[in-house]
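Going left to right, the sequence shown walks through residues 148 to 1103 as the numbering used here numbers them. This report refers to the structure that appears directly beneath it.
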Amino acid sequence: MSPTTSETAQGGRRLVIVESPAKAKTIKGYLGPGYVVEASVGHIRDLPNGAAEVPDKYTGEVRRLGVDVEHDFQPVYVVNADKKSQVRKLKELLADSDELFLATDEDREGEAIAWHLQEVLKPKVPVRRMVFHEITKDAIRAAVANPRELNKRLVDAQETRRILDRLYGYEVSPVLWKKVMRGLSAGRVQSVATRLVVERERERRAFRSAEYWDLTGTFSHPSPATTLNGDVSDPGTFGARLTAVDGLRVAQGRDFTSLGQLKDGQRDVLHLDEAGARSLATALADTAFTVRSVESKPYRRSPYAPFRTTTLQQEASRKLGFGAKATMQVAQKLYENGYITYMRTDSTVLSDTAVTAARAQVTQLYGADYLPDKPRTYAGKVKNAQEAHEAIRPSGDRFRTPAETGLTGDQFRLYELIWKRTVASQMKDAIGNSVTVKIGGQASDGRDAEFSASGKTITFHGFLKAYVEGADDPNAELDDRERRLPQVAEGDRLTAEEITADGHATKPPARYTEASLVKELEEREIGRPSTYATILGTILDRGYVFKKGTALVPSFLSFAVVNLLEKHFGRLVDYDFTAKMEDDLDRIARGEAEAVPWLKRFYFGEGTPGGAAEAGNGDGDHLGGLKELVTDLGAIDAREISSFPVGDGIVLRVGRYGPYVERPTEVEGGTGRRADVPDDLPPDELTVEYAEELLAKPSGEFELGADPETGRMIVAKDGRYGPYVTEVLPEDTPKSGKNAIKPRTASLLKSMTLDTVTLADALKLMSLPRVVGTDPEGVEITAQNGRYGPYLKKGTDSRSLESEEQIFTITLEQALAIYAQPKQRGRAAAKPPLKELGTDPVSERPVVVKDGRFGPYVTDGETNATLRRDDDVETITPERGYELLAEKRAKGPAKKTAKKAAAKKTAAKKTAAKKTAAKKTAAKKTTATKTAAKKTTAKTAAKKTTAAKKSSANAE
């Protein structure tokens, strides 16, 4: 048994290892001089990234997978190449320590990092597992005083997930490479998340809108404007909507199918068209209306639970415009700097200390009337929630108000959100009244019409004083919104001030946002909530999904990937199957099932002896054999899974270089007409009409004529990077080796198009660079078209031109005049913004879109963020601009790439030599005695400097 902390020699040196340098810096300030706090900088050991990292003793499948599937799925762990120097440093620090504290995060991932550290460092001193969920002085000192043993069950659970994800990714991804496109990836959760987004887009493509009409009436009460709650300031008129005609309910959007038809069984529903609605409005013009009923009910709303990881991501998206990744980056900084508790948690529980702190602030800020008699408790709603966590809240036993933190920007806004939610969770309910008034009258044509109005008044705001939850639907009414109605009673006569006919159309299901996709994954119990930000980042980075505003839009590439997975790996992307796998993994974590039999069943199939059923996972029928699935690929038709009918014989295909539409030719063996589809086109916008428009545009290869000098044919093409002209070389022209000849090629100018470019234009373009002349010293000046626009070049001196036309028209005199001007240093004159987006909610500065050297970007004058591939200057919304800036701020400044150690050694030697030489030179200017002394000093200093720099270089 390991000795306790008290048994360790008093005054000994203790090494504390955490994951990040920022966390280490904060904790170091809370511990005494006897502690050394160092970061592992994340995982130091993992499965190999490729066969090259696998030790030579492993062969075959083990080298490919990094897992020995034939010997109980033993993983092959290697120290990450970029962590070897850090491991060396940790070993050196451990050699001088009397005790080791592993202080990584208290979850599966953190427990696994701690275990890997112990395995790699092989400590010969006592090892403690130090855990905490907030970084405060009291919490850190309590963690040191109360260490525990490493939880091997948590380590095994994380390892099982890691092996499963490796098998899934390394077996299924190569299938995508062979059948769809190189560089793609598949994942246990990312593929299912992509399928959800694709299925929503399929629904939108299949959707057919329905039109329906109703009436809106503005009614007034002839008596003084006294309201239901006695407030004479309320208006005397109110609006009501037509709900029934002759006892038949007027159809609303919910009564229609996605194909635009009334749902079956809707016999008691009246579908009004425009003519019917306008006719009824006219017939009701002089109708006397009466109040048929007034129904009042008490209204009560309880506080929302404190934040857990997913609800924080959702609210930060709704209220702050943060993506899930940006939210977690900001939250990580708040946690590491001691402002909030651990941000990866499934729990809504608050500790007694936190409840006391929250209740104290309710009384202090809002008064005793807002404090409930008993503390509120919140039961966890997440199945298989991770162990030993509490909700995300401000840290400490006294919550700092946002103003007291000294935080700024995104960190201030996210802390404020967490603080408000936590305090509100310990406040009283909001109470009030909700009222429904029904108004009826008979039209001049004898039809009976009934209108309805609803109102809500809040008599005591309770927790709503502190916090109101946002909504994914921008048209949704928030909880603190009141709708006041005048005080009326049954039988009261009302006057219709105005009755108007309103037309409506059903809308396709809304695309997922990051917030709503996180919510959907959690509700389906797919994956772990703590990994959702990473999953969203992956599907965006891989090009499976792009953003249009805040909406997640699937690319055509993702349609092909999901199509393949659904048809040939259906169970792997089945929602229930994926949730069931998550269930099994949690049972393994709880010790209710064994990992190896379960992995055997998953990888080798149901016929494996000692499979999942025998491991305690129920019948195990939901598991199939992954190995067999990826071995037989003959049935997968690559062309079929990447082809999607558009209509009228037009097919969309996902090719090697992107999506395109094709109208097949009737000639056997012939090639149909093709046209590229813009990468940023939302799939539901690819209609037959738009496809016809694309096909009608010039595409393919256009012969412009022969070059009079060479006789070679000049053609114009539409390439991957835009339209260009080139020459066709003879078939026997060498294309590789020393004698290889490359065809002359030139991009079209911005003013040119494929259907207007001429042979003369092409020859002019391919003649570039154009010699303008020579300067008085005989140096040649040329005009050229470059990546960043047209320019002049004289030796190494380049000057920008104002337009592309100047390349061919500028004279030597004009060029010399340009060179006679002093060269502009630094930035060129600022270009006017391409678009103004509004005021950034964080920096409170105006946000604009500008055209930069590397393309358009958004800026608030402090932070710049390049527009993504899927963003468009014309359609970008203010919210999207603010989100890009928030993500850029969360990343922080770009880190400089470290130079190689060898280079640093050389630099160190050169610096030392220069310093020595400099000191020797200075020494000659003094007396002989001083010279001798200074030479000696200089040499000694040089040796020390060189030695120190060598040591530093070796450490890196």
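We treat Cβ as the ideally placed atom computed from N, Cα and C, and that holds for glycine.
Using the C-alpha atoms, what's the distance from residue j back to residue i?
i	j	result
M860	G866	18 Å
R891	E874	6 Å
L668	A340	7 Å
Y182	Q305	29 Å
R917	A964	18 Å
T155	Q221	Low confidence applies here, because T155 scores a pLDDT of 42, under 50, leaving its location unreliable; read the following figure in that light. Distance between the alpha carbons of T155 and Q221 is about 36 Å.
E927	T921	4 Å
R540	F354	43 Å
Y750	K727	16 Å
M475	D411	46 Å
A473	L906	51 Å
D254	R300	11 Å
S232	V188	11 Å
L732	S581	46 Å
E729	T524	28 Å
Out of the options, state which residue places its alpha-carbon closest to the alpha-carbon of residue i.
i	options	result
A169	A387, A507, Y486, R917	Y486
A186	D252, R160, L212	D252
L773	S320, L896, R631	S320
E537	T500, A571, F354, T678	T500
R309	L895, A430, L746	L746
T1010	I1023, Y1029, T583	Y1029
S443	K585, D411, K325, P369	K585
S914	G925, S894, D827	S894
A290	Q479, S601, D784, Y177	Y177
V692	E346, Q558, I783, D520	E346
G159	V209, N227, F610, S244	S244
V344	A1037, A662, G796, T1013	A662
T812	R821, G805, Y804	R821
R631	G650, T583, V777	T583
E952	G942, M899, D998, K997	M899
S790	R800, G796, A782, I783	R800
F403	E358, T552, T384	E358
Apply the 10 Å Cβ neighbour rule to residue i and answer buried if 16 or more other Cβ atoms are within range, or exposed otherwise.
i	result
N932	buried
R1104	With the chain running from 148 to 1103 in the structure shown, residue 1104 is simply not present.
H218	exposed
Y315	buried
L162	buried
Y935	exposed
L959	exposed
F469	buried
Y562	buried
W324	exposed
Q408	exposed
K575	buried
S440	exposed
K269	exposed
Y804	exposed
N710	buried
D420	exposed
K694	buried
Would you grab the beta carbon distance between residue i and residue j for me? Rounded to a whole angstrom, and I think it's under 8 Å.
i	j	result
V267	R192	6 Å
R689	L331	7 Å
Y837	D823	That belief does not hold up - the Cβ atoms of Y837 and D823 are roughly 13 Å apart, past 8 Å.
A428	T647	7 Å
R401	L417	Not confirmed; about 15 Å, so no contact.
L833	V798	With a Cβ gap of about 11 Å, L833 and V798 do not count as contacting.
Between residue i and chain D, is there a C-beta pair that is closer than 7 Å?
i	result
A887	Going by chain labels, chain D is absent from the structure shown, which holds only one protein chain.
If you measure from the CB of residue i, is any heavy atom of the ligand NAP nearer than 6 Å?
i	result
K941	Of ligands this structure carries none, so the ligand NAP is not represented either.
Checklist entry - Between the region 705-724 and the region 352-368, are three or more C-beta pairs nearer than 8 Å? => result Taking one beta carbon from each stretch, the region 705-724 and the region 352-368 have fewer than 3 pairs nearer than 8 Å; the two do not touch.
Checklist entry - Counting Cβ pairs closer than 8 Å, one from the region 483-503 and one from the region 440-457, do we hit at least three? => result With the cut-off at 8 Å, the region 483-503 and the region 440-457 touch.
Item to check | Segment contact, 8 Å Cβ cut-off, at least three pairs: the region 584-595 with the region 560-569 | outcome: No, they do not touch.
Checklist entry - So does the region 642-651 actually touch the region 430-440, counting three or more Cβ pairs closer than 8 Å? => result Yes: the two stretches touch, three or more of their Cβ pairs being nearer than 8 Å.
Next on the checklist: Does the structure place the region 983-995 close enough to the region 937-957 that three or more beta carbon pairs sit under 8 Å?
Outcome noted: The region 937-957 makes no contact with the region 983-995; the number of CB pairs closer than 8 Å stays below 3.
Next on the checklist: Quick test of the definition: if touching needs 3 or more C-beta pairs under 8 Å, does the region 380-397 touch the region 669-676?
Outcome noted: No contact exists between the region 380-397 and the region 669-676.
Checklist entry - So, do the region 653-661 and the region 594-607 have three or more beta carbon pairs nearer to each other than 8 Å? => result At 8 Å Cβ cutoff, the stretches do not touch.
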